[in-house]
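Asks: Residue 49 in our numbering sits at position 58 of the sequence shown, with consecutive numbering throughout.
Glycine is no exception: its CB is placed at the ideal position from the N, C-alpha and C atoms.
The structure displayed is predicted, hence computed values, not measured ones.
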Amino acid sequence: MRQQLLDLINNTILFKYALPNIELDIPKTIFSTENDMCYEAPNKNALIEIIYNSIIEYSFNEFEISEREFKDLHTIAFQDRIRFNEEDKDETQLKYGFFGEVILHAILKVYFGTETIISKGYFYNPLENSESKGYDAYHLIENDSSVQLWFGETKFHHSYTLAINDVLSKIKNSLSNNYLKKNLLALRKNKDNLNIQNSVIETILRNWDKNPNIVIIDELVKHSIELVYPVIVLFKQNSKGYNESIKAIPNYIKERHIVEAYDLSIPLSVFFIFIPLDDVKSIKSEVLSWIKSKKPLLS
């Protein structure tokens, strides 16, 4: 990651506290197996700069970024790596998924130390002109003691209720053997574009390609691989302020949703990352304006 962008992320997306927070009497959500994390981004212009620039790191693997000019990569990203069509209406452009997905990518890399398995841009098909399917990020943490697949989700909405309902309406499917297998198939199909040479997961995917009769979930179990499912929710802060905006979410989830058992055979961790913002629409609108005007990029 470019040093200027790394510094900007560290100085802009600021950790506030974890949930549960006993002092503020805010629990973590009933779906979370780990502590939820709460951040703030008070500098709107800096957050816009992060989204605009992180499109490159989100769309391309590291070895590609080192081989091309940033300006060219940015242009290519909007041609065939993310959904963007200048002819779309404003209301359509404001619903594009990349706004939240680039922030998910940045936060996982900078604050949780993940490695990118493959850039999400490889899964976009310009002919379909729709958001690419699957998880919103394919990341990894691998060390001598464990291997964790960080396959995340992100929602960037004006209303936290809309974002939460969207995520939780499909969480049972997202955290299932079948859905995980389909996403691993997509990774296997792109095995020559993986960004994780000599990792356990690369070896498993290549062995699966050689022998399609392998039961991939059994392979994950055999290698003690875990699934970590971080969900980032960016939403408009309510008039009562930051803490009350956060407090409303676990209560809302408890009242409206039920935790069901997941059909998943490997260990699972789930947690939310909440980022209340002053004005969701103006942030997205300004990012779109920068894209159309081709604002200079960070070096």
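Tell me GLU133's beta-bridge partners as DSSP assigns them.
Replies: VAL138
Asks: Along the beta strand (DSSP E) that carries SER123, what are the first and last residues, could you check?
Replies: Per DSSP, SER123 belongs to no beta strand (DSSP E) and is neither H nor E.
Asks: Alpha carbon to alpha carbon, how far is ILE47 from PHE6?
Replies: 24 Å
Asks: Would you mind listing the alpha helix (DSSP H) stretches within the stretch 219 to 276 that are 4+ residues and don't spill past its ends, in chain order?
Replies: 233 to 247
Asks: Who pairs with PHE147 in a beta bridge, going by DSSP?
Replies: LEU225
Asks: What residue range is occupied by the uninterrupted beta strand (DSSP E) comprising LYS7?
Replies: 5 to 10
Asks: Report the rounded CA-to-CA distance for VAL138 versus SER230, giving the unit in angstroms.
Replies: 42 Å
Asks: Can you pull the DSSP bridge partners for MET28?
Replies: ALA9, ILE264
Asks: What does DSSP give as the partner residue(s) for ALA128 in the beta ladder?
Replies: GLY143
Asks: To the nearest angstrom, report how far apart THR20 and GLU210 are at their CA atoms.
Replies: Straight through space, the alpha carbons of GLU210 and THR20 are spaced by roughly 31 Å.
Asks: Under a Cβ-count criterion, where at least 16 other Cβ atoms within 10 Å of its own Cβ denotes burial, should ALA68 be classed as buried or exposed?
Replies: buried
Asks: Kindly indicate which three-state DSSP category THR194 falls into: helix, strand or coil?
Replies: helix
Asks: Between THR3 and the rest of its own chain, which residues show a CB-CB distance below 7 Å, the 5 nearest in sequence each way excluded?
Replies: ALA32, ASN34, ALA37, LEU38, ILE41
Asks: By the 10 Å Cβ neighbour count, where 16 or more other Cβ atoms means buried, how is LYS283 classified, buried or exposed?
Replies: Counting Cβ neighbours within 10 Å, LYS283 comes out exposed, since fewer than 16 surround it.
Asks: Assign GLN84 to one of two classes, buried (16 or more other C-beta atoms within 10 Å of its C-beta) or exposed (fewer than that).
Replies: buried
Asks: Nearest-angstrom Cα distance between HIS148 and VAL261?
Replies: 20 Å
Asks: Under 7 Å, do VAL101 and ILE0 count as touching if we go by C-beta distance?
Replies: yes
Asks: Could you say which of ASN198, ILE237, ASP183, VAL271 lies nearest to ILE108 if we only look at CA atoms?
Replies: ASP183
Asks: Just curious, the alpha helix (DSSP H) that GLN84 is in, first and last residue?
Replies: 81 to 84
Asks: Does DSSP put THR292 in a helix, in a strand, or in coil?
Replies: There is no way to answer for residue 292, as the model of the chain reaches only from -8 to 290.
Asks: Can you tell me whether PHE22 is buried or exposed? The criterion is at least 16 other CB atoms within 10 Å of its CB, across all chains shown.
Replies: PHE22 should be labelled buried.
Asks: Is it true that the CB of ASN174 sits closer than 7 Å to the CB of TYR233?
Replies: Not in contact: TYR233 and ASN174 (Cβ atoms no closer than 7 Å).
Asks: Quick one: what's GLU217 bridged to in DSSP?
Replies: Beta-bridge pairing links GLU217 to GLN139.
Asks: Taking 7 Å as the CB-CB limit, is SER290 close to chain B?
Replies: Among the protein chains of the structure shown there is no chain B, as only one such chain exists.
Asks: Of all the options ILE223, PRO18, ALA154, ARG74, which has the alpha carbon lying nearest to the alpha carbon of PRO117?
Replies: Ranking the options by Cα distance to PRO117, first place goes to ARG74.
Asks: Helix, strand or coil: how does DSSP classify ILE282 here?
Replies: In the structure shown, ILE282 sits in a helix (DSSP, three-state: H, G or I).
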